[in-house]
Amino acid sequence: MTQISEAQRRRQSSLGFLIQILARRIDQEMKQRLAEIGIDTKIFANLMLLSEGDGITQRELGRMLEFPEYYTSRTVDILVAKGLAERRPDPDSRRSVLIFLTSKGREKTKALPSIISAVNSEYLGPLNAKDRQQLVKLLQRVARIDEHGDPNL
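Position 134, counted from 1, in the sequence shown is what UniProt numbering calls 134; the numbers after and before it change by one each time, with no gaps.
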């Protein structure tokens, strides 16, 4: 019989450790699958959010994704350079621009739900439907994400 040390037990029950391991694995899988359609994981979250409703400011986009402003600016620059999004003047504010998906960007986002579903199935596969729902609800509560999918900042 193999005994595990107290240090191993702490590590194996550490939320941070477990989430880091899982995040790295999921990130690698997402990188591979997104690369097949020419998308980088750096812009994935931006595309997902914009596909739900574009025409938002760069600041709103960053706030919703919990990214610093400089990072959001860089990812929007990438989206624009790839022809996936465009900046348009905000009619309500001369200092702001609104971010919109282009037709090319909209086309790319059509493949995202099946990729997400495949990765979710791969990692949630060992769980039954009830356990999957429970896990997602618990993670949403821990991450303080409300029923609309927005972080409670």
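Beta carbons are placed, not taken as given, at the ideal position from N, Cα and C, and that holds for glycine.
Going by other Cβ atoms of all chains shown within 10 Å of its Cβ, with 16 needed for buried, is residue i buried or exposed?
{"i": "PHE17", "result": "exposed"}
{"i": "ASN46", "result": "buried"}
{"i": "LEU22", "result": "exposed"}
{"i": "ILE56", "result": "buried"}
{"i": "THR72", "result": "buried"}
{"i": "LEU79", "result": "buried"}
Assign residue i to one of three DSSP states: helix, strand, or coil.
{"i": "SER93", "result": "strand"}
{"i": "SER13", "result": "coil"}
{"i": "SER5", "result": "coil"}
{"i": "ILE56", "result": "strand"}
{"i": "LYS110", "result": "coil"}
{"i": "PHE67", "result": "coil"}
{"i": "GLU29", "result": "helix"}
{"i": "GLU36", "result": "coil"}
{"i": "LEU127", "result": "coil"}
For residue i, which beta-bridge partners are listed by DSSP?
{"i": "ALA85", "result": "LEU101"}
{"i": "ILE19", "result": "Answer is none; ILE19 lacks a bridge partner."}
Hey, residue i and residue j: beta-carbon distance below 8 angstroms or not?
{"i": "LYS42", "j": "THR75", "result": "yes"}
{"i": "GLU29", "j": "VAL136", "result": "no"}
{"i": "LEU49", "j": "LEU61", "result": "yes"}
{"i": "residue 154", "j": "GLY53", "result": "As shown, the chain starts at 1 and ends at 153. That puts residue 154 outside it, with no answer to give."}
{"i": "LYS108", "j": "ILE39", "result": "yes"}
{"i": "ILE4", "j": "ALA111", "result": "no"}
{"i": "ARG132", "j": "LEU138", "result": "no"}
contact_flag[the region 92 to 106, the region 52 to 72] where n(CB pairs < 8 angstroms) is 3 or more:
yes
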